[in-house]
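Asks: I have a structure here, written as structure tokens, and I will follow up with some questions on it.
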Amino acid sequence: MEIQYKQKPWGREIWFAQNKNYAGKILEVKKGHRLSLQYHERKIETMYLHSGKIKMIFGKDVNTLEEKVLQAGQKFEIIPPTIHRVEALENSEIFEVSTPELDDIVKLEDDYGRSGKGNNFSNDNQLHKQNFS
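Per the working numbering, the sequence shown runs over residues 4 to 136.
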């Protein structure tokens with residue numbers, strides 16, 4: 004696959020792997036921004052914080068969510084149907100690997116008006132592709 008750059012309201016994604024077995028991307032999240040409050044029905048994600056500092060908000064119920072601050076070098080695994088959100092306390096770079104169910108997302112709350120089920124790519128900017136083969 005070609006490397007894909009995808010602008011997001013909170014920063015950008017850099018997709019480096021996507022096939023029938025797994026997906027891999029880098030999330031660049033700007034300080035003070037946060038991703039959707041969301042959960043997955045099947046998709047499993049592991050996030051490694053390469054740089055920066057984030058707050059992970061997570062739990063089984065929206066009324067009992069926990070918070071954990073992660074520093075560079077720490078990881079966090081998300082097993083369905085864990086509700087979760089990333090908030091950048093500093094400019095942060097997160098490496099994410101997951102199972103391949105890319106449309107398996109239910110957005111419960113979103114700072115940028117993207118709540119709902121599935122990935123609505125029409126609300127995001129076009130992919131910018133660059134082949135590094």
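Glycine residues also receive a C-beta, built at the ideal position from the N, C-alpha and C atoms.
I'd like to know if the segment 98-112 and the segment 12-30 are in contact, where contact means that at least 3 CB-CB pairs between them fall below 8 angstroms.
Replies: Taking 8 angstroms as the limit for Cβ pairs, the verdict is that the segment 12-30 does touch the segment 98-112.
Asks: Among residues of its own chain, excluding the 5 on either side of Q21, which ones have a beta-carbon nearer than 6 angstroms to its beta-carbon?
Replies: Counting only Cβ-Cβ distances below 6 angstroms, and skipping sequence neighbours, we find M4.
Asks: Taking C-alpha atoms, which residue in Q41, K9, I6 lies nearest to L68?
Replies: For the residues Q41, K9, I6, the minimum Cα distance to L68 belongs to Q41.
Asks: Rounding to the nearest angstrom, what Cα-Cα distance links Q10 and N66 in this structure?
Replies: Near 31 angstroms, if we compare the C-alpha coordinates of N66 and Q10.
Asks: Does the beta-carbon distance from L52 to Q77 come in below 7 angstroms?
Replies: Yes; because the gap between Cβ atoms is below 7 angstroms, this pair is in contact.
Asks: Leaving out five residues on either side along the sequence, give the residues of the same chain with a beta carbon under 7 angstroms from the beta carbon of E44.
Replies: Once the five neighbours on either side are set aside, the close Cβ partners of E44 are P83, P84, D107.
Asks: Since I believe I57 is in contact with L92 (beta carbons under 8 angstroms), could you give me their beta-carbon distance rounded to a whole number of angstroms?
Replies: The pair is a contact, with the Cβ atoms about 6 angstroms apart (cut-off 8 angstroms).
Asks: Where DSSP assigns a beta bridge to Q41, which residues make up the other side?
Replies: The partner list for Q41 (beta bridge, DSSP) reads H87, K110.
Asks: Grab me the residues of V32's own chain with a C-beta within less than 6 angstroms of its C-beta, minus the 5 sequence neighbours each way, in chain order.
Replies: Only W13, G14, A91, S95 meet the Cβ criterion.
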